[in-house]
Each structure stands twice: as structure tokens, then as C-alpha cells.
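**Q** First the structure, which I've put down as C-alpha cells, then a few questions once you've had a look.
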Amino acid sequence: MNKYYCALIGLVFLSSCKEKYIPPVIESNLNYLVVDGSLVNGTESTLIRLSRTKKLDDNPATSGEQNAQMTVEDEEGNTIYYFQQVDNNGLYSVPGMTLDGNKKYKLRISTTDGKQYLSDDILVKESPPIDSVNWRLSNDGVTIYTNTHDASNSTKYYQWQYLETYDYYSANFSSVKYVPGGDDFDKMFPARSGDEMVYHCWRTVPSSQILIASSLNLSEDRINMAPIRFIPKASFEINSTYSILAKQYALTKEAFEYLQNIKKITEQTGSLFDAQPSQLTGNIRCVSNPDEPVIGYLVASTLQQKRIFITNFEVRPWGYFDYCPPKQTVPLILDSINYYFGGPSPLLVPIERTSPLFTGVIAGLPSCTDCTTKGGTNIKPDFWP
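Going by numbering that gives the first Met the number 0, the residue at position 177 of the sequence shown is 176; the numbering climbs one at a time, nothing skipped.
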């Protein structure tokens, strides 16, 4: 009996000594600079995002590098373009660039901690046009493809990005808005003007995956049916009208291999049979500290673009459904009005006044009444039909 008692005491002792194991990769905060973007040779804006590597459990949205100085230099070391910071998430822009395809360029970055970063010589590549962007509907959803070719047989390596825009409607049409302050109910719930309507919105989202392909092992420099976007059936994106702007760049062999390596690491690792992580060597270095790694591979290319639209009618039956609970009436009592409509995150959004007597306000959930709560804007894009 004593030996079982001792064994039990031992197990209790061992379990009380357990400590949470945190792998060193999670605890380390290397804070390396990440350079994401391409130099666009043409009238389109060049956008480059600077960020920092973070711990796995940190919020990536806080990693944007702010207040950096970034320039493009020619072969003689002359500064020919200056980037301007456009947001607080590390995004920098130049409205348009005219680069000579027979010359080389460098990107120089100065960060607020006094460090200097410089790219290797960058050659300007010429991207052939996009032949077409098309899509196919299956039982699982919609797959969007691009097609391109280079008659001169000199591109070989391609990268695509995209901007997708889709419109959607609120379940409830709100004709009045809430204006806090005072106790005049007529002034608290005036009619919405045209630019205040929140029934119809548009949302634009950039691509986030690495989309690349090569024709190196093909008999001609042609890419057919390269998938760039899959939209699962019944998804929100095609509940009305969907548009995608495909963007195509030409890559160097080295840039393609770098992106291919990153794609394997970020999308395919997870088992013993997947590609294992390896050292990433880009074409940007820290001048101040040569031993400090920099994440990113910068290329310069002309930009080719093509846009298509897909309507909900073309993919029916699509199956999208957005449940909204019944509307409710808020009485004209200040405490009730402040409770439901006040504060930075109101519980309800007003829809209309009760009639024929104005004794309350009919309201609905923000997600069912204000389309901007789903990440969109009520401003119609210029390209929208």
C-alpha cells in the first residue's frame, strides 16, 4: 500500500513542477527590416511598404516602419526620386517613375534609428502585356486566371498582384441619421444627405499571397491559366458585383527564386515532407551593420494591368445569405437614445422615424444598416459601371 501512496505523491510533485515551454523563436524579437514592393517604371505609382519582423504572438499591424527616408539613385549616385510616407502602416509612395532600361538603379533607406540600407544594382525589366484575365465557375466557387506571353522569349519569370473591389448593400435602408446633443428630437434625427447614405458600399482589398510562375521549362515564353484568386462559393465578395484588377510584373531569375523560396516557407511548411525553412538572401543590405539581415528582394519592372467584372447573376445559384434580426423601435427617451445610438460603437443605427406620429425611431444593427461597418466606403469608384 505504501508503494502506491509514494507513487501518487511523486506524480503530484512532478505535475506541480511543469512549466510552460516557449520556443526561442517566439521569444526572440529580431526586429529586422522588411522591404516589400517593386519599382514601377511608368506612370503608375510605386508603393513600397517598410516593416519590421515581429514575434509570432505580436500584432503584425503594429510593425510598420514610420518616418523613414527612402530614395532612388541612378548609376552615378544621384538621387532622382524621393518617396513620401502615405500612412501610419509603413507605406511609402512615388507618383510615377521614368527609368532607363539600359541603366541600373539603387534604393536607399534611412531609418529613424540612424541606420542606412542600400539595395544592389537593380535592372529594369519589361513586362509583356496581359493577354487576358478570365474565370471559371465550379461547384466549389470561382477561380480567376491570367494569361500572358512574350513573343521575344525574354521574360521567363512573372509575378502577379491584384486589387479586388466588390460592392454590397445593407439589409436595411437608413434614411435618417443620429446627431448627438440637446433634447430636440427633430434635430437629433435629421434626414441623410446623398453623401451620408450607408446603403450601398464598395470595398477594395489587395492581394496577400505570392503569385509567381515561370516559362523556363516550356517550349515558348507563355503562361496559360495561371490562377491568381479563388473565391469560395457563397462568399460575400460576389453577393452583388465583383471586380479584379490584375497586375503583372517581370522578374529576374534571382528575384523569382527568392519569392519561390518565401512561398514555400510561408505556404507549404507544416510536416516532415514539406520544404524546410532556409536562409533567405535578398538584394538589400544594412550598410551600417553588414551582419544584420534585411528581408526583401527589390525589382524594377513596367506594370501591365487588366480588369474584369463578375456579377452575381453570372454565378447563380451563389448561395450567399446574410441574416439580420428584426428591426426594433427606440422610444424618444433620452436615456434610451443615448444607450442605443451614443458612444463610439453604437448598438443600433437609426433607419427611419415612426409614422404617422413621431414617437420613436426604427433602428437596426450596424452590420445590417451601415454598410461602412463591413470595411467599405459609400464612395463609388471611378471605374465602376
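We treat Cβ as the ideally placed atom computed from N, Cα and C, and that holds for glycine. Please read these numbers as outputs of a predicted model, since none were measured by experiment.
1) Short check: CB of Leu385 to CB of Phe357, under 9 Å?
2) Let me check understanding here. Comparing Cα to Cα, which of Ser366, Tyr157, Ile108, Lys373 lies closest to Tyr400?
3) If I'm right that Asn377 touches Cys200 with Cβ under 8 Å, what's the distance once you round it to whole angstroms?
4) Going by C-alpha distance, which of Tyr338, Val141, Pro365 is nearest Asn133?
5) According to the Cβ coordinates, are Thr265 and Ser214 closer than 9 Å?
6) On the three-pair Cβ rule with 8 Å, is the stretch 173-191 touching the stretch 226-246?
7) Please go through the same chain and pick out, in chain order, the residues whose beta-carbon is closer than 6 Å to the beta-carbon of Leu258, but skip the five residues on each side of it.
8) Indicate the three-state DSSP secondary structure (helix, strand or coil) for Val11 in the structure shown.
9) Quick one, are the C-beta atoms of Tyr157 and Val34 less than 9 Å apart?
10) Kindly indicate the opening and closing residues of the alpha helix (DSSP H) around Phe367.
11) If you follow the alpha helix (DSSP H) that Ile336 is in, where does it begin and where does it stop?
12) Can you give me the C-alpha to C-alpha distance between Asp185 and Leu106, rounded to a whole angstrom?
13) Identify which residue in Asp99, Ile361, Pro349, Phe382 has its Cα closest to the Cα of Asp369.
14) Am I right that Thr42 and Gly95 are in contact with their C-beta atoms under 8 Å? What's the rounded C-beta distance?
15) Less than 9 Å between the C-beta atoms of Pro365 and Thr372, yes or no?
16) For Gly359, collect the residues of the same chain with a Cβ closer than 7 Å to its Cβ; drop the 5 residues on either side in sequence, then sort them by chain order.
**A** Concretely, from the data shown:
1) Examination of residue 385 is not possible in this model, given that the chain is present from 0 through 384 alone.
2) No statement about residue 400 is possible, as the shown extent of the chain runs from 0 to 384 and does not include it.
3) Yes, Asn377 and Cys200 are in contact; Cβ-Cβ is about 5 Å, under 8 Å.
4) Val141
5) No, the Cβ-Cβ distance between Thr265 and Ser214 is not below 9 Å.
6) no
7) Ile209, Ile211
8) Its pLDDT being 43, under 50, Val11 is placed unreliably by the model, and the measurement read from it follows with that caveat. If DSSP states are grouped into helix, strand and coil, Val11 belongs with the helices.
9) no
10) The question names Phe, but residue 367 in the sequence shown is Cys. Here the alpha helix (DSSP H) through Cys367 covers 365-368.
11) 333-340 is the extent of the alpha helix (DSSP H) around Ile336.
12) Looking at the two C-alpha atoms, the distance is approximately 58 Å.
13) Pro349
14) 5 Å
15) yes
16) Thr328, Val329, Pro330, Leu331, Thr353
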